[in-house]
Amino acid sequence: MIRGRIHTDLALEAKERYEEDNVEIRGVCIEEEYNEEKDIRTTLVKIETENGARAMGRPQGSYLTLEAPNLSIPDEGYHREISEELARQVKKLIPEKKELTVLVVGLGNRQVTPDALGPDVVDNLKMTRHIILEYGAQAMGEQNMYQVSGLVPGVMAQTGMETLEIVKGVINETRPDVVIVVDALAARSTKRLNRTIQITDTGIIPGSGVGNHRNGLTKETLGVKVIGIGVPTVVDAATIVQDSMEKLLQTLEEKEKKEFLEEMIPPALYSMFVTPKDVDETMKRLSYTISEGLNRVFC
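In the working numbering, each number is its position in the sequence shown, counted from 1, plus 800.
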């Protein structure tokens, strides 16, 4: 029960919560793969039924998680491998068309470093839509020609508008075939902080991981296929407290564990979010890794 109060945007962690309680969810299946050479673990959570969607608190669809322990380390070779894997997985989700129009939306607040992942990714992308519209597909010299455009809609406190309203307006004008939404996420495990990438074909609900529920960017709301890409950059303080007491908690019965956590963790910690002190450099590396993966797909 206590763990259920901890915020997370990762479908993998939502599934793990039920496994800890020895509860099986019908309509949800998991496929795992581990690349020992690259040290990358890939986990695909498929929510196949309405029952599974209700239990998981997420729409039906596929949620792919790339866990890379060294993702937060400044190793260019390793980050290149992650970019290649990200490109491979995104290619599976985009429509198979020779000429594809793509809109990449970078969610988040540039002025808040842990929330600047989306805008930073868009900054590093190679935009091609304006070139193709001006000079034609031949100007790029590529066999498959993708028109890539980008949008950084900001947050409601800056614009006074819902992100959905802004994105829908751009979609109505540019008519993309697919929208890719990039956002910073929240995790409930410190070991996945800045070391995990989630890719989903269900879109993204901005701010859901930290309790700020905005209108979702999904196929249903936008009328076009939406791919969500996110990295957990924050955890709530209650997560850190639980992680630090993990060995002690293992010695307690479930009822004792619940009573102990309710006494030890004040409610305020569930709304307090923290991030590592080197988040500035980490965001630069992560945004570049994701943008390079997308550039591999479209350029």
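Ideal Cβ positions, reconstructed from N, Cα and C, are used throughout, including at glycine.
- When DSSP states are grouped into helix, strand and coil, GLN911 belongs to the coil group.
- From the listed residues ILE966, PHE1098, GLY960 and GLU1081, the smallest Cα separation to SER872 is found for GLU1081.
- Look at ASN994 here: in three-state DSSP terms it is coil, with no helix or strand label.
- Between the C-alpha atoms of SER1071 and ASN835 there is a straight-line separation of about 36 Å.
- Every alpha helix (DSSP H) of 4 residues or more that sits fully in the stretch 838-879 is shown, in chain order, as 850-856.
- By alpha-carbon distance to ASP977, the top candidate from LEU933, THR990, LYS897 and THR842 is LYS897.
- Straight-line spacing of the CA atoms in THR1021 and LEU1049 works out to 43 Å.
- In the structure shown, VAL921 falls within a helical segment according to DSSP collapsed to helix, strand and coil.
- Residue state for ALA986 is assigned as strand, using DSSP reduced to three classes.
- The C-beta of VAL1097 has 16 or more other C-beta atoms within 10 Å across all chains shown, which makes the residue buried.
- Per DSSP, the beta bridge partners of LYS1025 are VAL978.
- Classified as buried, ASP920 has 16 or more neighbouring CB atoms from the shown chains inside 10 Å of its CB.
- Under the Cβ criterion (8 Å, minimum of three pairs), the stretch 954-961 does not count as touching the stretch 1020-1038.
- Following the DSSP letters along the chain, one finds MET956 inside the alpha helix (DSSP H) bounded by residues 956-959.
- Under the 8 Å Cβ criterion, the stretch 876-894 does not count as touching the stretch 904-921, having fewer than three qualifying pairs.
- In the displayed model, LEU886 falls within a helix according to three-state DSSP.
- Beta-bridge partners of ASN835 (DSSP): ILE840.
- Classified as buried, VAL948 has 16 or more neighbouring CB atoms from the shown chains inside 10 Å of its CB.
- Apart from the 5 residues on each side of it in sequence, ILE980 sits with its Cβ closer than 6 Å to the Cβ of VAL904 and ILE1027 in its chain, given in chain order.
- In the DSSP assignment, LEU933 falls within the alpha helix (DSSP H) that extends over 929-935.
- Looking at the backbone, the Cα of GLU816 and that of TYR935 are separated by about 51 Å.
- If you draw a 10 Å sphere on the C-beta of ASN851, you find fewer than 16 other C-beta atoms in it, and that means exposed.
- Within the same chain, LEU1052 come within 7 Å of PHE1060 by CB-CB distance, once the 5 residues on both sides are set aside.
- When DSSP states are grouped into helix, strand and coil, PRO1066 belongs to the coil group.
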